[in-house]
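Contents: one structure, followed by commentary.
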Amino acid sequence: MKDSVILEVRGLTKAFGGILALNNVDLLVREGEVVGIIGPNGSGKTTFANCVSGFVKPTRGEVYFEGKRITGMAPEKIADIGLTRTFQIMRPYYSLPAYKNLVIPLMSPRARRVGGWRGGGKLGDRSTVGVDILEEIGFERDSYVPYKLASSLPTGYLKRLELARCLALNPRLIICDEVFSGLSVSEIASLLPLLQKLQMDGITLIMIEHRLRELFQIANRVMVLNFGEKIIEGPPEQVIKDPKVREAYFGSEEAEEVMKYA
Amino acid sequence: MNIKEKRKERLDRGIKVRCDGIYALMSFREMAYLAFPRLILIVGLILTPFLITAEYWERVITVACLYGLLAVGFDFLAHYVGLVSLGGAFFVGVGGYISALLNTQLGLNPLLSIPIATLMASIVCTVLLLPCLPLRGVYFAIATLLYPLLAGRIIEALDIFGGTDGLRGVEGLMGHYTPIYIAILSSLVFMFGLRRLVNEDVGLVLRAIKDNDQSVRASGISVTRYKAFGVFLCSLGGCFAGAALVHIYMWAGISLFALDFSILPIAATVVGGVHTLVGPLLGCLILVPISELLREFGTLRIVFYSVILLIFIVGKSEGLFNYAQRKYHQFERWVEV
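For the protein sequence lines, the chains are A and F, in the order given.
Counting from 777, one number per residue, gives the positions in the first sequence under the working numbering.
Counting from 2, one number per residue, gives the positions in the second sequence under the working numbering.
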């Protein structure tokens, strides 16, 4: 793991009317790290992702990506320099076959400039590269899954498609907004090695998750949000034992899981 | 009592190797199977001028094909880019006036002024529509509707470009068959061109914007730029129709901004079949002649016309082409359960 900082968030604040969805959140992410963001429902995790990726303009605070100030930049500009995201509610292109879904990121100025996933797609062979990415990410080519319409794919594949769409862009950092939710335990188990592989490839991951057990298997560090404020940040095992975290999760769906770590 | 229950079974025919919308052609038979319906349309349209003798009906087909350009453009923008445009009349008007001006002021030959005007007018229309591009759904529709209304009134109020009299003395097209072939060939080229484009990589981006513009932005692509490109392509058809009309009627006037040009293409799209690009052209080739046939009924014409439209839309809301396509690709049979 290299030591250089890839993402720096300083005092990020977002107010919706009188409600502070995010209050003065700081975060440093180093290159090649997997950082988890957890917290009960409504704690501001997705708002954090929206503010960093440019879909929502923060009220206050600064975001730096690879030393460049990206606060308030348009999402397509932020994606263009290598910071992209998946959506919690999946947003595939339902009317297109799965592999054609990946032609879109491969058509982006970034992919044309620096090459898409592993430098591919520059020669106009975008459909072929699309199938390759999907095969790598677990779409069985032999059973024609990459050629199926996105609207006919089950959730597990759609979650992978979300990730594939990010990967096609050849990104430096991906914010994964709940890629595990709605997946079965075995589906997650098959997704974990893939994420580890991405980390090996040098892609930095920020993972917003509710599935703590699975997250802790790959996360180097975890930040806990509650009511828009950062309560604690540190290695997963240490964070989960903190009384403040237990208090935050008290009465929520994940409370039982949190208590298991006692 | 033993009542045999039956259900309808639908089977694909024609192409053996397929997966959803993708198929592999394995023989000349399969190629012919796909080429046949396309050839009917192309050959049929090209032969039409020889089959009809009355000059009046030649004019009707010419106008129908020009409406077809608008309808195909509407279908493309609405169902492949996700922008429902009511600005058809604006494209026709701008294209028409620019072509008429090029011809009367600069003395350009119609065969030059039409393509130049098409290009210039499309650029003008696209630039003027840029502020509307962030809008979606009915908001975009209503905003584009205002453009032809505004343009017509501006010409009237400022008395420019001949004011309410319009521009007279526009040169006509030489040759008896020139107008009808210009209309037929342009509509075929525009329609087949767009059908090809929507499956190319650029077209996929446009379709993706319709499906989910947020994902497109997260993929580092400027949605506005591509939407503008879509509007430009759509306006090419409309502006060409306007430019050609001006030289056919040898006159450009405020009626080029008439809302017929915005509304009829939409009706034709619904009748012919949305999301097909062919359907709208077929719709125009059906609706425009029907509207002419009904002239004998005088004032009741609109009544009959509306009733026919309603029967089409309510009775076969998928549109004629979607229906025909399904029947061509699948056969049905009753099987016992």
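Glycine included, each C-beta is placed from N, C-alpha and C at the ideal position.
Under the three-state DSSP convention, the category residue i falls into
i, result
"A/L803", "strand"
"A/Q864", "coil"
"A/D856", "helix"
"A/M1035", "helix"
"F/F322", "helix"
"F/Y57", "helix"
"A/M777", "Because the pLDDT at A/M777 is just 45, under 50, the model does not fix this residue reliably, and the value given afterwards should be weighed accordingly. Here A/M777 sits in coil by DSSP."
"A/L981", "strand"
"A/N996", "coil"
"A/G1010", "strand"
"A/I795", "strand"
"A/I814", "strand"
"F/E333", "strand"
Proximity test, residue i beta-carbon vs the ligand GDP heavy atom, cut-off 7 Å
i, result
"F/E157", "The ligand content of the structure shown is nil, which means the ligand GDP is not present either."
Residue i classed as buried or exposed, judged by whether at least 16 other C-beta atoms fall within 10 angstroms
i, result
"F/L146", "buried"
"F/A25", "exposed"
"A/N877", "buried"
"F/F29", "exposed"
"F/A36", "exposed"
"A/I913", "buried"
"F/I222", "buried"
"F/V304", "exposed"
"F/R334", "exposed"
"F/L113", "exposed"
"A/V1015", "buried"
"F/H177", "exposed"
"F/S307", "exposed"
"F/I41", "exposed"
"A/S819", "buried"
"A/A797", "buried"
"A/M777", "Low per-residue confidence applies at A/M777: pLDDT is 45, beneath 50, and the placement is therefore not dependable, though the value from the model is reported in the following sentence. Classification of A/M777: exposed, given that the 10 Å Cβ count is below 16."
"A/S871", "buried"
Integer-rounded CB distance, given that residue j should sit under 8 Å from residue i
i, j, result
"A/G793", "A/N1002", "No, A/G793 and A/N1002 are not in contact; Cβ-Cβ is about 20 Å, not under 8 Å."
"A/R997", "A/V785", "The pair is not a contact, with the Cβ atoms about 14 Å apart (cut-off 8 Å)."
"F/F67", "F/L246", "For clarity, residue 67 of chain F is Leu in the given sequence; the question names Phe instead. So it is a contact: roughly 6 Å between Cβ atoms."
"F/G239", "F/L70", "7 Å"
"A/E954", "A/E985", "6 Å"
"F/L288", "F/L265", "7 Å"
"A/P873", "F/I16", "Contact flag wrong, Cβ pair sits at about 16 Å."
"F/L189", "F/V73", "Actually they do not touch by this definition, with Cβ atoms about 10 Å apart."
"F/Q215", "A/R867", "6 Å"
"F/V82", "F/G231", "4 Å"
"A/R941", "F/S220", "6 Å"
"F/H248", "F/L174", "5 Å"
"A/S753", "A/I979", "This structure cannot speak to residue 753 of chain A, because chain A is shown only from 777 to 1038."
"A/V805", "A/I982", "6 Å"
"F/G88", "F/L257", "Not quite, the Cβ-Cβ distance comes to about 13 Å (not below 8 Å), so this is no contact."
"F/R11", "F/Q331", "5 Å"
Among the options, nearest to residue i - alpha-carbon criterion
i, options, result
"A/K924", "A/Y875, A/L959 and A/G914", "A/Y875"
"A/L970", "A/T823, A/T931, A/R888 and A/L937", "A/L937"
"F/F241", "F/S256, F/R196 and F/I183", "F/I183"
"A/F956", "A/F863, A/G837, A/D856 and A/R836", "A/F863"
"A/T835", "A/T847, A/S829, A/E842 and A/A825", "A/T847"
"F/D166", "F/G97, F/V139, F/I255 and F/V128", "F/I255"
"A/D726", "A/E807, A/V801 and A/G787", "It is not possible to answer for residue 726 of chain A, since the shown part of chain A is limited to 777 through 1038."
"A/L882", "F/F298, F/R218 and F/Y81", "F/R218"
"F/D155", "F/K7, F/L48, F/L286 and F/V95", "One detail in the question is off: residue 155 of chain F reads as Ile in this sequence, not Asp. If we check each option's Cα against that of F/I155, F/V95 comes out closest."
"F/I47", "F/I185, F/A122, F/R169 and F/G89", "F/I185"
"A/E842", "A/V905, A/D918 and A/I782", "A/I782"
"A/K844", "A/F824, A/E1032 and A/G858", "A/G858"
"A/I865", "A/G958, A/G896 and A/R989", "A/G958"
"F/V128", "F/G153, F/F92, F/G138 and F/D160", "F/F92"
"F/A268", "F/Q326, F/Y34 and F/F313", "F/F313"
"F/D261", "F/A325, F/F162, F/P149 and F/H80", "F/P149"
"A/G837", "A/M849, A/V801, A/D856 and A/E852", "A/V801"
"A/Q993", "A/K1017, A/P1019, A/A965 and A/K1020", "A/A965"
Proximal residues, the segment 866–883 of chain A versus chain F, C-beta separation under 7 Å: Using a CB distance below 7 Å, the part of the segment 866–883 of chain A facing chain F consists of R867, Y869, Y870, S871, L872, P873, K876, V879, I880, P881 and M883, ordered along the chain.
Against chain A: residues of the segment 215–237 of chain F by CB proximity under 8 Å: Q215, S216, V217, R218, A219, S220, G221, I222, S223 and V224
Contacting positions in the segment 884–908 of chain A - beta carbon closer than 9 Å to chain F: S884, P885, R886, A887, G900, R902 and S903
Where the segment 829–849 of chain A meets chain F: residues whose CB sits under 9 Å from a CB there: Per Cβ criterion, the list reads S829, G830 and F831.
Under 9 Å (Cβ pairs) to chain A, residues found in the segment 110–122 of chain F: Flagged: no residues at all.
Chain F contacts from the segment 850–861 of chain A (Cβ-Cβ distance under 7 Å): P851, E852, A855, D856, T860 and R861
Chain A contacts from the segment 289–322 of chain F (Cβ-Cβ distance under 8 Å): Answer in chain order: no residues at all.
Near-chain F residues of the segment 928–943 of chain A - C-beta to any C-beta below 9 Å: S928, E938, R941 and C942
Interface positions of the segment 189–206 of chain F facing chain A (Cβ-Cβ less than 7 Å), listed along the chain: D202, L205 and V206
Residues of the segment 944–956 of chain A whose Cβ lies closer than 7 Å to any Cβ of chain F, in chain order: L945
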